[in-house]
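Same order as they appear, the protein sequences are chains A and W. So the first sequence is residues 425 to 813, counted in this note's numbering. So the second sequence is residues 11 to 133, counted in this note's numbering. Report on one structure; see the data block that follows.
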Amino acid sequence: MSEFDDILDNADEAVDLPPATLPLDGWHRARGGRMVEFAGYWMPVQFRGIMDEHLWTRSHAGLFDVSHMGQLEVSGEGAAAALEMLLPGDISALAPGRMRYSLLLDDDGGILDDLMVTHRGDSFYLVVNGAMKWDDIAHLREGLPDDITLTHLDEHGLLALQGPEAVQVLARLGLEPALPDGVPVEGLTFMQAAPYLWQGRPLGVSRSGYTGEDGFEISVRATDIVALADALCADDAVMPVGLGARDSLRLEAGLPLYGHDLTPETGPVEAGLAFAISKARRAEGGFPGAESILAALAAGPVRKRVGLLLDGRLPAREGAVVFAGAEQVGTVTSGGFSPTLERPIAMAFVDAAHAAHGTALDIEVRGRRLPATVSPMPFVPHKYHRQGA
Amino acid sequence: MPRYFTDEHEWIDVDGDTATVGITDYAQSQLGDIVFIEVPDEGVVLKKGAEAAVVESVKAASDVYAPISGAVTAGNQNLEEDPALVNSDAEGEGWFFKLTIADAGELEGLMDEAAYKRFVESL
Numbered sequence: 425m426s427e428f429d430d431i432l433d434n435a436d437e438a439v440d441l442p443p444a445t446l447p448l449d450g451w452h453r454a455r456g457g458r459m460v461e462f463a464g465y466w467m468p469v470q471f472r473g474i475m476d477e478h479l480w481t482r483s484h485a486g487l488f489d490v491s492h493m494g495q496l497e498v499s500g501e502g503a504a505a506a507l508e509m510l511l512p513g514d515i516s517a518l519a520p521g522r523m524r525y526s527l528l529l530d531d532d533g534g535i536l537d538d539l540m541v542t543h544r545g546d547s548f549y550l551v552v553n554g555a556m557k558w559d560d561i562a563h564l565r566e567g568l569p570d571d572i573t574l575t576h577l578d579e580h581g582l583l584a585l586q587g588p589e590a591v592q593v594l595a596r597l598g599l600e601p602a603l604p605d606g607v608p609v610e611g612l613t614f615m616q617a618a619p620y621l622w623q624g625r626p627l628g629v630s631r632s633g634y635t636g637e638d639g640f641e642i643s644v645r646a647t648d649i650v651a652l653a654d655a656l657c658a659d660d661a662v663m664p665v666g667l668g669a670r671d672s673l674r675l676e677a678g679l680p681l682y683g684h685d686l687t688p689e690t691g692p693v694e695a696g697l698a699f700a701i702s703k704a705r706r707a708e709g710g711f712p713g714a715e716s717i718l719a720a721l722a723a724g725p726v727r728k729r730v731g732l733l734l735d736g737r738l739p740a741r742e743g744a745v746v747f748a749g750a751e752q753v754g755t756v757t758s759g760g761f762s763p764t765l766e767r768p769i770a771m772a773f774v775d776a777a778h779a780a781h782g783t784a785l786d787i788e789v790r791g792r793r794l795p796a797t798v799s800p801m802p803f804v805p806h807k808y809h810r811q812g813a
Numbered sequence: 011m012p013r014y015f016t017d018e019h020e021w022i023d024v025d026g027d028t029a030t031v032g033i034t035d036y037a038q039s040q041l042g043d044i045v046f047i048e049v050p051d052e053g054v055v056l057k058k059g060a061e062a063a064v065v066e067s068v069k070a071a072s073d074v075y076a077p078i079s080g081a082v083t084a085g086n087q088n089l090e091e092d093p094a095l096v097n098s099d100a101e102g103e104g105w106f107f108k109l110t111i112a113d114a115g116e117l118e119g120l121m122d123e124a125a126y127k128r129f130v131e132s133l
């Protein structure tokens, strides 16, 4: 059997250095995590099995180590305005304790990375993709004025606790709000963040994630991360989850993955990320690529990111060509088997004329044409804990 | 019935001039949850090293190459209905295909069970 290591296909980014180890490396190995190289680090791809971990996260709480991601802090007088030079979001209007999904864009409107921005009150906290963080840091240093300070929080790890039981688990852990007017952790709603103390240790907690489930991301000092991971996994509702299930969960949730569904050749409008271009910014412009992005908003994109539901059990993977009859109309950018739906699903970019929900298309896999239907995303409904819900 | 192993993690049972081919238990454990398997049709003539089957796990597709040459006499149709058979019984019910051995000499140099076990431990 050959190409055995293809299971790690999505895992090898272009990194020449030997993989580095993250603070939970030994913890993962001790728990039977199968370690692979990803974004320049050794990361667990699975523990008990992708299917198990996926379904566990959808029904209980999965603990993900995402410490490979870049955690950055942008501070200084005028930091919001400075970030607006680089991001298309309305950063100035972001209230303290709130967060937004945003994009780093090149001058042609191509996506350099996607990221989360949190207003921490005295600074802005950014979480960027692990494989892109060094490029992002260089891009931000270049684009931010000299009196704005950019700090790489590389002495912090990041955990994601995701799933319907995540909120009870975190409440049971006994976190204390670090601010005098802070709410208990279960009082946060989707896309809210606040600082907490756990046994005197500082944690940055946000109600967010990338699985479609209710859940939290927890920024923790590297020196505290083993104790925190142990305490979370001591709860019967929690199981450690690897990168494999993280990928299948985000695909079911219809969330694009940078380097696969999003690249510098992809614009935010065709990628279905126009919501990241805030209303005020659409009126003002003044962000990288504004001209082409605003034109695409006005005219409609030439191609679109769509969801595809496949018949049968054979998955279509990244790179598979999408046909409408004999005509090539697109390419799959992510694909796999949905453990929740028990059938293959995919994301693809297809010509706008073939992007309407319900359109019947074919995907070519090893010479076979697999029937597929353009489907609304998410494939599995989001369960975010929204304000007022 | 002698059983041989390859360093590509296939097993081959030899019964006269017929061979049954599958992937090893180690291979299935590395691939994880298997969701789809494509086996060769009866009558297909495989050359050693030719693409013979495809295994799709939740995460990725992996090709399986013919460990020896021969004409396929059967593909395991049960795998179409129940690909997880390979996870539960890779070296038994989860066989992939049977073929008529074209050249018994190709079996020389393959590993026996003890040698394969040492090989896997060295990985």
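Positions of the beta carbon are idealized from the N, C-alpha and C atoms, including for glycine.
If you count every other CB in all the chains shown that lies within 10 Å of the CB of W:Glu123, and 16 or more means buried, which is it? exposed
Have a look at A:Val693, A:Glu461, A:Glu589, A:Trp451 and flag the residue whose alpha-carbon is nearest the alpha-carbon of A:Pro443. A:Glu461
Once you ignore the five residues that flank A:Val789 on each side, which residues in its own chain have a CB closer than 7 Å to its CB? Counting only residues of its own chain and dropping the five nearest sequence neighbours on each side, A:Val789 has a CB closer than 7 Å to the CB of Leu738, Ala740, Ala744.
Along chain A, which residues have their Cβ under 9 Å away from the Cβ of W:Phe46? Gly736, Arg737, Leu738, Pro739, Phe761, Pro768
Is it true that the CB of A:Gly457 sits closer than 8 Å to the CB of A:Pro688? no
Which residue spans inside the region 56–100 of chain W form an unbroken alpha helix (DSSP H) run of at least 4? As far as the region 56–100 of chain W is concerned, its whole alpha helix (DSSP H) runs of at least 4 residues are 88–91, 95–98.
Alpha-carbon to alpha-carbon, A:Asn553 and A:Pro802: 21 Å
Between which two residues does the alpha helix (DSSP H) harbouring A:Arg453 extend? 449–454
Should W:Asp5 be flagged as near chain A, meaning a C-beta pair shorter than 8 Å? Within the shown structure, residues of chain W are numbered from 11 to 133, placing residue 5 of chain W beyond reach of any answer.
Check the Cβ-Cβ distances between A:Arg705 and every residue of chain W, and say whether any is below 8 Å. no
Rounded distance between the beta-carbons of W:Asp35 and W:Glu101, thought under 8 Å: Going by Cβ atoms, the distance from W:Glu101 to W:Asp35 rounds to 6 Å, so yes, they are a contact pair.
Grab me the residues of A:Leu550's own chain with a C-beta within less than 6 Å of its C-beta, minus the 5 sequence neighbours each way, in chain order. So the qualifying residues of the chain are Leu496, Leu539, Val541.
In the DSSP assignment, find the beta strand (DSSP E) that holds W:Trp105 and state where it starts and stops. Neither: W:Trp105 is in no beta strand (DSSP E) and is coded neither H nor E.
DSSP three-state label for A:Glu694, please. coil
Distance cutoff 8 Å, beta carbons only. Does W:Val55 sit that close to anything in chain A? Not closer than 8 Å to any Cβ of chain A, the Cβ of W:Val55 fails to qualify, so no.
For W:Val96, decide whether its Cβ has a neighbour in chain A, counting only Cβ atoms nearer than 8 Å. No, W:Val96 lies away from the interface with chain A (no Cβ there is under 8 Å from its Cβ).
DSSP beta-bridge partners of A:Val756: A:Ala772
With 16 as the cutoff for other CB atoms within 10 Å, does A:Pro800 come out buried or exposed? exposed
W:Asp27 at chain A interface by Cβ criterion, 8 Å: no
Check the Cβ-Cβ distances between A:Gly473 and every residue of chain W, and say whether any is below 8 Å. yes
Output the residue ranges of the beta strand (DSSP E) runs that lie fully inside the region 787–811 of chain A and measure 3 residues or longer, sorted by chain position. Complete beta strand (DSSP E) runs here, min 3: 792–799.
Out of curiosity, what's the CA-to-CA distance linking A:Ser426 and W:Ser72? With a pLDDT of 41 at A:Ser426, under the threshold of 50, the predicted position of this residue should be treated as unreliable, though the coordinate-derived value follows. If you take the alpha carbons of A:Ser426 and W:Ser72, they lie about 7 Å apart.
Can you give me, in chain order, the residues of the region 68–79 of chain W that have a beta carbon less than 8 Å from any beta carbon in chain A? Those would be Val68, Lys69, Ala70, Ala71, Ser72, Asp73, Val74, Tyr75, in chain order.
Nearest CA to the CA of A:Leu765: which residue from A:Leu675, A:His684, A:Ala704? A:Leu675
Is the beta carbon of A:Leu577 less than 8 Å from the beta carbon of A:Arg565? no
DSSP-derived helix/strand/coil call for A:Phe699: The answer is helix: DSSP assigns A:Phe699 an H, G or I state.
Quick one: is A:Glu610 buried, meaning 16 or more other Cβ sit within 10 Å of its Cβ, or exposed? Exposed, since its Cβ has fewer than 16 Cβ neighbours within 10 Å.
Assuming contact is defined by CB atoms lying nearer than 8 Å, are A:Leu673 and A:Gly696 in contact in what I supplied? no
Please name the residue in W:Val68, W:Glu48, W:Ala70 whose C-alpha comes closest to that of W:Asp62. First, the amino acid is wrong: residue 62 of chain W is Ala here, not Asp. Residue W:Glu48 is the option with its Cα nearest to W:Ala62.
Between which two residues does the beta strand (DSSP E) holding A:Glu461 run? 458–462
Going by DSSP in three states, A:Gly378 sits in which element: helix, strand or coil? Outside the modelled stretch of chain A, which goes from 425 to 813, sits residue 378 of chain A, for which no answer is possible.
Beta-carbon neighbours of W:Asp43, restricted to chain A and to distances below 7 Å: Gly473, Ile474, Met475
Is the region 16–29 of chain W in contact with the region 648–657 of chain A, if contact means three or more CB pairs nearer than 8 Å? no
Assuming A:Ser526 is part of the beta strand (DSSP E), what are its boundary residues? 523–529
Please state whether DSSP places A:Gly724 in a helix, a strand or coil. coil
Give the residues of chain W in contact with A:Ser672, contact being defined as C-beta atoms less than 7 Å apart. Going along chain W in sequence order, the residues near A:Ser672 (Cβ under 7 Å) are Val68.
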